[in-house]
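Take 1 as the starting number for the sequence shown in the working numbering and just add one per residue.
Quick reminder that beta carbons are idealized off the backbone N, C-alpha and C, glycines included.
Since the structure is predicted, the reported quantities are computational estimates derived from the model, not experimental observations.
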Amino acid sequence: MKLDLRKIYRFDPIERQPDGSLPKGGDVYYECGSCKDVVSSVSHIKAACGCGNLTGGGGTTEIKTPEQVTPLRGKLK
Ligand SMILES: [Zn+2]
1 MKLDLRKIYR FDPIERQPDG SLPKGGDVYY ECGSCKDVVS SVSHIKAACG
51 CGNLTGGGGT TEIKTPEQVT PLRGKLK
């Protein structure tokens with residue numbers, strides 16, 4: 001099952017942490033630079049982007065290539 005978060009949330013890009021790492025939190029999402037899919041940074045349901053760069057589940061999201069990921073803040077529409 002594929003959930004299109006863009007239908008539910010409005011996403012705005014946010015800054016990376018000062019050390020270059022990606023922020024995370026309940027309202028933080030990651031956009032994959034390759035396939036443009038969006039996955040929660042703290043996904044509790046199993047979720048993955050189309051190309052497999054982002055894989056979420058169990059409250060964490062693994063990133064294979066962080067340089068290709070844009071952090072976003074999501075607000076309910
Ligand atoms: Zn991807």
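The stretch 8-25 makes contact with the stretch 37-55; the number of CB pairs closer than 8 Å reaches 3 or more. Of Gly33, Tyr29, Asp37, the smallest CA-CA separation from aspartate 4 is found for Asp37. About 6 Å separates the CB atoms of glycine 33 and threonine 70; that is less than 8 Å, so the two are in contact.
Between proline 13 and leucine 72, the CB-CB gap stays under 7 Å. In this structure, Thr65 is the residue among Thr65, Lys77, Ile45 with its C-alpha nearest to the C-alpha of cysteine 51.
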